[in-house]
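For reference, the structure is listed below as C-alpha cells.
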Amino acid sequence: MFCYDVRMELNAGNVVPLRCAAEHLAMTEDYSEGNLVEQAEAFLSQVLGTWNDAVRALHACDAVLPDAEDLLIVPRCIDSLASKACADPTLFGWPMLEYYTAKSLEETVVWNGISAAGKPRPLGADWWYKQASSLRLPVYKRLIAAVRSKGMSPENVAGSLMHYARRHLSGLKRRGDNSDGSSCSGAPATTTAVLSDGDQRALLEEVVALLPAEKGVAPTRFLLGLLRTATVLHASAACRDALERRAGNQLEEAMLEDLLIPNTVYSAETLYDVDSAQRMLEQFMMTSASAFAASPEIMDEGQLVDAPSAELMPVSTVAKLVDGYLAEVGTDANLKLSKFQTIAALVPDYARAVDDGLYRAIDIYLKAHPWLTNSEREQLCRLMNCQKLSLEACTHAAQNERLPLRVVVQVLFFEQLRLRTTVAGWFFVSDNADQGSSSDNCVLPRKTHDDVDLAAGSETTDEGGFAAAQSGELSPAMSVEEVRQRVSELEEECSSVRQEIHKLGKPKSALSRLFGKLGLGGRSSSREREREEPLPLPGSSDKRRMSFGC
C-alpha cells in the first residue's frame with residue numbers, strides 16, 4: 001500500500017512491525033527518497049520520547065521479536081524507559097509531566113455544572129510500577145538491570161519488583177499484601193492472565209534473585225508472603241533459603257499470622273512449617289548476637305550488661321512473637337517436645353521482661369499433650385523463670401493442675417518472697433514518713449543490704465512496693481494488712497501441698513527441706529516471726545534488723 005501512495009497512519013502500535021517489514025523488504029533510500037525505512041525510523045524516534053508510546057512500542061516487539069532485536073529496537077525502548085524511570089519528575093520538560101497533567105484535568109470534579117480547576121497530580125517514585133509490570137518477564141528483567149545501571153535506589157527497584165510479583169503471583173493477590181506503602185501497590189485494575197504453576201514458580205525465583213541485597217528494602221510481610229507462596233509452589237531450596245535469611249534478618253517486623261506457614265509436604269507431621277520458623281529465628285539471633293558482640297559495653301562474657309532500650313527492642317519484640325507462635329503451634333498434637341523446647345530456648349533470658357507469654361505457651365502445650373510424663377513436664381517447665389511471672393500468672397500457676405508439683409512450689413515460694421520484699425518496702429516508707437512528719441529536716445536513710453535479710457539468690461527488689469507506697473494510692477496500714485492476709489493464704493496453700501507430699505510417702509524429700517527453710521515446718525517459728533521491730537531512727541547507732549511474719 002505504501003508503494004501505491006496509499007496514505008498510512010503511523011502510531012506506537014504499528015511502527016515497530018512496519019520498521020521490521022521495511023527492513024526485510026529493503027525499502028531504503030537506495031531505491032527511493034523518503035522510503036518506508038526512513039519514515040518509520042523518524043517516527044520511532046518520536047515514539048521513544050514519551051513513556052506511554054515507548055511502552056506500546058515495546059509490547060509490539062513481541063510479535064516480531066527476532067527482527068526487533070536485530071534492529072536494536074528492543075534495547076532502544078528499554079533504555080528510553082529506564083532513563084525516564086530514573087529521571088527527576090520535577091525537572092522542566094520532563095516527558096511524563098504533560099501526561100499526568102492531562103490526566104488530572106480529565107479527572108476534575110464537576111458539581112452543579114461547575115468544574116474545579118485541574119491541578120497536576122504529585123508524582124511519586126512509584127509512578128512507573130503499574131505499566132512496567134505489564135511487560136513479559138524477560139523484558140522486565142532487562143528493564144530492572146537498566147534502571148540499576150542508571151543509579152536507581154534499591155528501595156525503588158524493590159518496590160517495582162513487589163508490584164510485579166503481586167500482579168502475577170496468585171498467592172500474593174489472594175492474601176492482599178499491601179505492605180510496601182506505595183500509592184499503586186495493590187493489584188492493578190487491568191485483568192492479567194493467570195500463569196501456570198510452573199511459570200509462577202519460575203517468576204517467583206527470578207523476583208527473589210532480582211531483589212536488592214540491602215536489608216529493609218522489602219518489608220518482612222512481603223518476604224514471608226513470598227516464602228509461603230514458594231512453599232505452595234514447591235520452589236527450589238535455594239530460593240526458600242534466600243527468603244528465610246532475608247526474613248530472619250528483619251524478623252522483628254514480622255506478624256504472627258505471616259509466620260504461620262502451612263506445611264505442604266505430604267510426609268510432614270505438623271500442621272505448620274516449624275522448621276522454617278526455627279531457621280528464621282536462628283538467623284535473627286545470630287545477627288543480633290553479632291550486633292551485641294560488636295559493642296563491648298553491652299556484652300561481657302556472653303551476659304547482657306547494660307544495653308540501651310533501642311538495641312534491646314528488636315530482641316524483645318521477637319521474644320513476644322516467638323511466645324505467640326509457640327502458643328499457636330502448641331495446640332498441634334504432632335508437635336514434638338524437643339522441637340518446642342528448641343524454639344523456646346533460642347530466645348535469650350534477657351529478651352523477656354516477664355515470662356507470662358512463655359508460661360501461656362507451655363500451658364497450652366501441656367493441655368494439648370496430656371500424655372507427657374511428669375519428668376517431661378518438669379523438663380518443659382524449666383524453660384520459664386518462675387521469678388519473672390506476674391502476679392496474675394503466679395495466681396493461675398498455683399492453681400494449675402497441669403503443672404508439676406515442684407513447679408507449683410517454686411511459684412509459691414517466689415510469690416511469697418516477692419510479697420515479703422514488698423512489705424519490707426512499705427514498712428520502710430511508712431516508718432520514714434512518720435519520722436519525716438516529726439522532723440522537717442529528716443532525711444530518709446539509704447537502705448543497705450543489712451537492713452532487710454531476704455533469701456539468698458533472690459533477684460527481686462522492692463521498687464514496686466516503694467513506688468506504690470510513695471505514690472500515696474494506698475495507706476500503709478491497709479496495704480500491710482492485705483499483704484499479711486495474702487501471705488497467710490499462701491502458707492495455707494503451702495501446708496496443703498506439704499500434706500499432699502506426705503501422703504505420697506516422701507516426707508523427707510528435698511521439698512520438705514525447702515519448707516523448713518521457708519519457716520513453714522512449725523507453728524512456733526511462725527509465731528516468732530510475727531513480731532516486728534521498728535526501723536532505727538536516722539543516725540542511730542543501733543542497727544537492728546527488721547523482721548516480719550508471713
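Residue numbers (full-length UniProt numbering): 1 to 550. Virtual Cβ for every residue (Gly too), placed ideally from N, Cα, C.
Taking C-beta atoms under 8 Å as the contact rule, Met384 and Leu358 qualify, at a distance of about 5 Å. Rounded to whole angstroms, Ala125 and Leu223 show a C-alpha spacing of 21 Å. One thing to note: Leu243 has its Cβ no nearer than 8 Å to the Cβ of Ile144.
A residue is called buried when at least 16 other Cβ atoms come within 10 angstroms of its Cβ; Pro75 does not meet this threshold and is exposed. Between the region 196 to 209 and the region 260 to 279 there are fewer than three inter-stretch CB-CB distances shorter than 8 Å, so the stretches are not counted as touching. Here DSSP, grouped into helix, strand and coil, assigns Pro262 to strand.
Residue nearest to Glu328 within the set Thr270, Ser133, Thr28 and Ala57 is Thr270 (criterion: CA-CA distance). Val315 and Ala361 do not touch by the CB rule: their CB atoms are close to 18 Å apart, not below 8 Å.
Beta-bridge annotation (DSSP): Tyr140 is not paired with any residue. Separation of Val217 and Met162 (C-alpha to C-alpha, rounded to the nearest whole angstrom) is 10 Å. Contact check for Leu256 against Gly324 passes: the beta carbons are separated by less than 8 Å. For Asp356, the uninterrupted alpha helix (DSSP H) segment begins and ends at Asp356 to Ala368. DSSP lists Pro262 as the beta-bridge partner residues of Tyr272. With distances taken between CA atoms, Leu403 lies nearest to Arg382 out of Glu253, Arg382, Arg418 and Leu18. In this structure, the CA atom of Glu23 is about 45 Å from the CA atom of Ala238. For Thr50, the three-state secondary structure derived from DSSP is coil. Between the alpha carbons of Tyr272 and Ala397 lies a distance of about 28 Å. Proximity of the region 410 to 418 to the region 386 to 396 meets the contact definition, three or more beta-carbon pairs being nearer than 8 Å. DSSP places Val74 in the uninterrupted alpha helix (DSSP H) bounded by Ile73 to Cys86. For Cys381, the enclosing alpha helix (DSSP H) begins and ends at Asn374 to Cys381. The alpha carbon of Arg167 has as its nearest neighbour, out of Ser153, Lys141, Val147 and Gln200, the alpha carbon of Gln200.
Shown here, Thr28 sits in coil according to DSSP, grouped into three states, outside any helix or strand. The residue among Pro154, Leu135, Gly248 and Ser153 with its C-alpha nearest the C-alpha of Tyr164 is Leu135. For Gln399, the three-state secondary structure derived from DSSP is coil.
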